[in-house]
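See structure below.
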Amino acid sequence: MKPTETETPIGGLPFKSRRRPLIVKKFGGTSVANIDRIRRIARLALESQREGNDVVVVVSAMSGETDRLLKLAHQVLPLPEGREMDVIAATGEQVTVALTALAIQAEGGKSSSFLGHQLPVITDSAFTRARIQCVEQGPIREALARGQIAVVAGFQGVDPRNNITTLGRGGSDTTAVAVAAALGADVCEIYTDVEGVFTADPRVCPAGSKLKSIPYEEMLELASLGAKVLQVRSVEIAMKYNVPVHVRSSFSDEEGTLIVPRDKMLESRRLMGLACEKGQVRVELIGAECRPGLVAELTYLLADLNVSVDMLCHSRGAVENPRADISFTLPEGELRRAQPSLEQFLGKLGATGLQISTDLAKVTLVGIGLRSDPGIAARLCRSLTQQGIHVSGLSVNELRISCLVESGAADRAICILHETFELAGEAPAEPLASATPA
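For the sequence shown, the positions run 107 to 544 when our numbering is used.
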C-alpha cells in the first residue's frame with residue numbers, strides 16, 4: 107500500500123498524484139567502473155523511460171575511487187577529522203553523476219544531475235556515518251516533468267549547517283531507497299555485481315541459490331550480520347515506508363530478488379539463508395563486583411562510544427563469592443576504540459581481569475520462528491560439532507541463530523549448515539494467495 111497524499115516520508119513534500127510509473131535505479135561502483143559501463147546504464151535508464159516510466163538514477167563513485175580519495179587524506183594527516191574526510195569522499199560521486207547524465211544525453215535522452223546539497227538530501231551531522239532526515243523531492247519532480255531522467259549522487263548529503271556529509275559504506279543504497287520513499291516510487295531497483303540475494307555467498311558456498319523474494323525483516327537480519335548486498339539503513343527505510351526493492355545484476359537481464367512485505371512474498375520459506383561476519387572479538391570482564399545496573403552501565407558506556415555489541419552474557423557467582431563475569435562480542439575495529447574506556451571501567455568495578463579472544467567469526471542462520479523451535483539451534487550446533495568445528499557462543503531470537511566459531515572455520519561452517527538445512531532446495535511451505543509484488 108502506497109502512502110496517502112497527506113503523508114510525508116523522509117521529511118519531504120507530500121506525495122503528488124502522478125500518471126506514469128516511477129522507478130528508481132541505483133548503480134554501484136562496479137556498475138559505473140568505466141565509461142563503457144556508464145554508457146550501458148545510460149541505455150538501461152533510457153530503455154525504461156521509453157517503456158513509459160519516469161526514471162531516477164542514483165549512482166555511486168567508480169569502483170575503488172572512494173578508497174583512493176581516503177588514502178590521499180591519510181597521506182596528508184594520519185587521523186583526519188570527519189568533516190574534511192566527507193568533503194573529500196563526496197567528490198567521487200560528483201564525477202560519476204555528471205558522467206552518467208552526459209552519457210544519457212549522448213544516447214539521445216534528456217537528463218539533469220543532482221548532488222546531495224542540490225536537492226538537498228538533509229542529514230544529521232554524524233560525519234562519515236550520517237543518517238538521512240529529509241529528501242526534498244521538488245527538483246527531481248521538476249526534472250521528471252520536463253521529460254528528463256534525474257541522476258542523483260548517492261552516499262552524500264548536507265547537514266543543517268550546510269556541511270557536506272557522507273552516509274558510510276554502501277550509503278548509495280540508502281540514498282536510493284530514501285529517494286524512492288520520498289517520491290512514492292513503484293520500485294527501487296538496486297543493480298550490483300551479483301544477481302540477487304542468495305541463501306549463502308556463492309563465492310564461499312557454491313550451492314548457494316538465489317531467492318526469488320525475501321521479507322524486509324529477514325533481509326534486515328542478513329544485511330546487519332554480514333551479507334553485503336545492501337546497507338542496513340536502506341533496508342530499514344524500505345521497511346518503514348513500504349518501498350519494494352529489487353536487487354539485480356547490472357550485467358544480466360535476469361530477474362533478481364524482490365524485498366517486500368511478508369504478505370507479498372513470491373515464495374514461502376521458513377529458512378532464508380546464512381550470513382557471516384569475520385573479524386569478531388569476544389571481550390570478557392572477569393570478577394566484576396556484583397551490583398544492580400551493572401550491565402546497564404556497560405551498555406551505556408559502549409553506546410556513548412558508538413560501539414555495537416552482541417552475544418552479551420552475564421554470569422553471577424555463588425552467594426559466598428558475589429562476583430560476576432560479563433562477556434560480549436563486537437567487531438575488531440570497534441575494539442580499538444572501546445578498549446581504553448573498558449580498561450577504566452574495569453578498575454571502577456574492581457574486576458580481576460579483561461580477557462580478549464580474537465580471530466573469531468559470527469555465522470548466522472536467518473529465518474522465522476527460530477526461537478520457538480529449539481530443535482533448530484540444537485541441529486545447528488550438532489552439525490558443526492560433528493565436523494570438528496567448536497561453537498564458543500550462541501545467540502537466538504525469532505529471526506536468527508548466531509554462533510561464534512574460529513574465523514578459519516567460518517567458510518566451512520557456512521557450507522555445512524547450508525547442506526544441513528537444505529537451503530538450496532527448501533520447497534515453499536504452502537502457496538500464497540498473492541504472488542504479485544506491490
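Beta carbons are placed, not taken as given, at the ideal position from N, Cα and C, and that holds for glycine.
Values in this document were obtained by computation on a predicted structure and should not be read as measured data.
Cβ-Cβ separation, residue j to residue i (assumed contact under 8 Å), whole Å
i, j, result
"residue 489", "residue 510", "That belief does not hold up - the Cβ atoms of residue 489 and residue 510 are roughly 16 Å apart, past 8 Å."
"residue 431", "residue 462", "That pair is no contact at about 14 Å."
"residue 284", "residue 238", "5 Å"
"residue 210", "residue 152", "6 Å"
"residue 206", "residue 147", "7 Å"
"residue 341", "residue 322", "6 Å"
"residue 259", "residue 222", "6 Å"
"residue 526", "residue 485", "7 Å"
"residue 460", "residue 452", "5 Å"
"residue 298", "residue 335", "7 Å"
Nonlocal neighbours in the same chain, by C-beta distance under 6 Å from residue i, ignoring five residues either side
i, result
"residue 403", "none"
"residue 500", "509"
"residue 317", "303, 363"
"residue 435", "386, 388, 416, 417"
"residue 470", "331, 381, 506, 508"
"residue 204", "219"
"residue 86", "No answer is possible for residue 86: it lies beyond the span of the chain, which begins at 107 and ends at 544."
"residue 487", "497"
Close Cβ partners of residue i (< 8 Å) along its chain, the five nearest in sequence each way excluded
i, result
"residue 265", "228, 229, 230, 231, 236, 271"
"residue 310", "382, 517, 520, 521"
"residue 155", "161, 215, 255"
"residue 438", "385, 386, 387, 464"
"residue 125", "none"
Neighbour-count burial assignment, residue i, 16 or more Cβ in a 10 Å radius
i, result
"residue 320", "buried"
"residue 579", "Residue 579 is absent from the model: the chain starts at 107 and stops at 544."
"residue 352", "buried"
"residue 458", "exposed"
"residue 529", "buried"
"residue 275", "exposed"
"residue 406", "exposed"
"residue 312", "exposed"
"residue 481", "exposed"
"residue 279", "buried"
"residue 410", "exposed"
"residue 159", "buried"
"residue 504", "exposed"
"residue 107", "The pLDDT assigned to residue 107 is 36, lower than 50, so where the model puts this residue is not dependable, and the model offers no usable value."
"residue 307", "buried"
"residue 540", "With a pLDDT of only 29 at residue 540, under 50, the local geometry of the prediction cannot be trusted, and the value read off the model is given with reservation. Its Cβ having fewer than 16 others within 10 Å, residue 540 is exposed."
"residue 346", "exposed"
"residue 112", "Confidence in residue 112 is poor, its pLDDT being 37 and thus under 50, which makes the residue's placement unreliable; the coordinate value appears in the next sentence. Exposed, since its Cβ has fewer than 16 Cβ neighbours within 10 Å."
"residue 468", "buried"
"residue 177", "exposed"
"residue 492", "exposed"
"residue 187", "exposed"
Three-state secondary structure assigned by DSSP to residue i
i, result
"residue 396", "coil"
"residue 451", "helix"
"residue 323", "helix"
"residue 378", "strand"
"residue 371", "coil"
"residue 541", "For residue 541, the predicted model reports a pLDDT of 30, less than 50, meaning its position is unreliable; a value from the coordinates is still stated below. In this structure, residue 541 counts as coil in the three-state DSSP scheme."
"residue 517", "helix"
"residue 383", "strand"
"residue 496", "coil"
"residue 446", "helix"
"residue 402", "helix"
"residue 506", "strand"
"residue 114", "Summary for residue 114: the model assigns pLDDT 48, below 50, so the residue's position carries little reliability; its value from the coordinates is reported in the next sentence. If DSSP states are grouped into helix, strand and coil, residue 114 belongs with coil."
"residue 126", "coil"
"residue 525", "helix"
"residue 463", "strand"
"residue 471", "strand"
"residue 478", "coil"
"residue 435", "strand"
"residue 488", "helix"
"residue 483", "helix"
"residue 331", "coil"
"residue 407", "helix"
Contact set for residue i: own chain, Cβ-Cβ below 7 Å, skip 5 residues either direction
i, result
"residue 175", "194, 195, 197, 198"
"residue 447", "407, 411"
Residue-chain proximity (residue i, chain B), Cβ-Cβ < 7 Å
i, result
"residue 358", "Among the chains in the structure shown there is no chain B, since it carries only a single protein chain."
Next on the checklist: Please give me, in chain order, every unbroken run of the beta strand (DSSP E) with length at least 3 that falls completely inside the stretch 186–250.
Outcome noted: 217–220, 227–229, 238–241
Next on the checklist: Runs of 4 residues minimum, wholly inside the stretch 261–317: which ones carry the alpha helix (DSSP H) assignment?
Outcome noted: 277–289
Checklist entry - What are the uninterrupted segments assigned as alpha helix (DSSP H) that are 4 or more residues long and contained completely in the stretch 337–363, given in chain order? => result 338–347
Checklist entry - Where are the beta strand (DSSP E) runs, 3 residues long or more, that stay fully inside the stretch 129–183, in chain order? => result 160–165
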